[in-house]
Every structure is written in structure tokens, then in C-alpha cells.
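Residue numbers (UniProt numbering): 1 to 177. Scroll down for the structure; my scribbles are underneath it.
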């Protein structure tokens, strides 16, 4: 009397194959786009194309290997172990708030700067996912988002010389760095 713990094979259209093909397509895009990077004359051994080519090649190889495994019938297990009710309705209000927060973030980056736009988006998304839609519940996520946004801005702008809009207040406060 042995009980089989193997899962029956699933047939039909597979989202896993779509994901693998999209990953391979992303790898091809990265490889093609890496060829457009200009190489300065001061480049010695490792030029600016090395890491984009490496990432693109690894992404393409991973996508191709995943697609091959899916086509051979190797599928991931069904998501039975999650603590999610499959019959529960979608919370469209939360989806709408997150989409609006993302669009507002994209529109506010150049107006109020990166750190404040990140803080507002983080506060909106975290508060929505917590399920407590009150201004008081958004204070801690806003402060965390503002801290992370400022640290990321300082690292990118001051240490890496990558331009991120900081807004007039942050530009003024960090002008002495």
C-alpha cells in the first residue's frame, strides 16, 4: 500500500512557457541593445559593454533552458500550499490605488523629486496592502519611503553621478556634499 505523491501531469497552454519565452526575449533585447553602447577611447580591458553582454547572455540562456524544460514536460508544482483562498474576489480597490500611486509617482518625479515621489508611492502601496486606509496608518510607511528614497538619491547622485531629480529642497540641502 503505497501512496503516490507525484502530481498528475498538466496539459495545455502553459504560463510557464510564456514566462520562459519572455525571459529569452528580454535576453535578446539586452544583447542587441548592448551593442549600441559607445566605447570610449579610455576603455582598457573591461569596457562598458561587458556587463550588459554578460547579463543579456545569462538571461537568454536561462530563458532558453526554462523553455526547454517546460517543453519536455517539466512543470512546477501547483500552488496548493499558499495561504490564499482561490475563491476570494479580487480587491479592485487596492489594485486601483496601487495603479494610481504608480502613475502619480511617474508624474511627480520631476515635480517634487525622487525621494518625495518614492515616499508617497511607498506610503500609498504599503497602506493599501495593510488594509488600513487612514492617514495615520500611512505615517510610518511614508517615513520609511522618504528615508529609503533619500538614501538611494544620495548614493546615485553623489556617489555614482547618476542624475535623479531631487527637487529643490533636497538639491539645496545636499549642495554641500
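Idealized CB from N, CA, C, for every residue including glycine. A quick note: this is a predicted structure, and the numbers were derived from the prediction, not measured.
Using a Cβ-Cβ cutoff of less than 8 Å, which residues in the same chain neighbour residue i once the five nearest sequence positions on both sides are dropped?
i: residue 14; result: 70, 75
Return helix, strand or coil for residue i, following the three-state DSSP convention.
i: residue 121; result: helix
i: residue 52; result: helix
i: residue 87; result: coil
i: residue 110; result: helix
i: residue 98; result: helix
Given residue i, which residues of its chain have a CB within under 7 Å of its CB, disregarding the five upstream and five downstream residues?
i: residue 24; result: 60, 63, 64, 67
Whose C-beta lies closer than 6 Å to the C-beta of residue i among residues of the same chain, with five residues either side of it excluded?
i: residue 125; result: 98, 101
Using a threshold of 7 Å, state whether the C-beta atoms of residue i and residue j are closer than that.
i: residue 114; j: residue 164; result: yes
i: residue 105; j: residue 117; result: yes
i: residue 148; j: residue 156; result: no
Locate the alpha helix (DSSP H) running through residue i, then write down its first and last residues.
i: residue 154; result: 139-154
i: residue 23; result: 15-34
Taking all protein chains shown into account, do 16 or more other C-beta atoms lie within 10 angstroms of the C-beta of residue i, making it buried, or fewer, making it exposed?
i: residue 160; result: exposed
i: residue 120; result: buried
i: residue 20; result: buried
So, does the CB of residue i fall closer than 7 Å to a CB anywhere in chain C?
i: residue 127; result: In the structure shown, chain C does not exist; there is a single protein chain.
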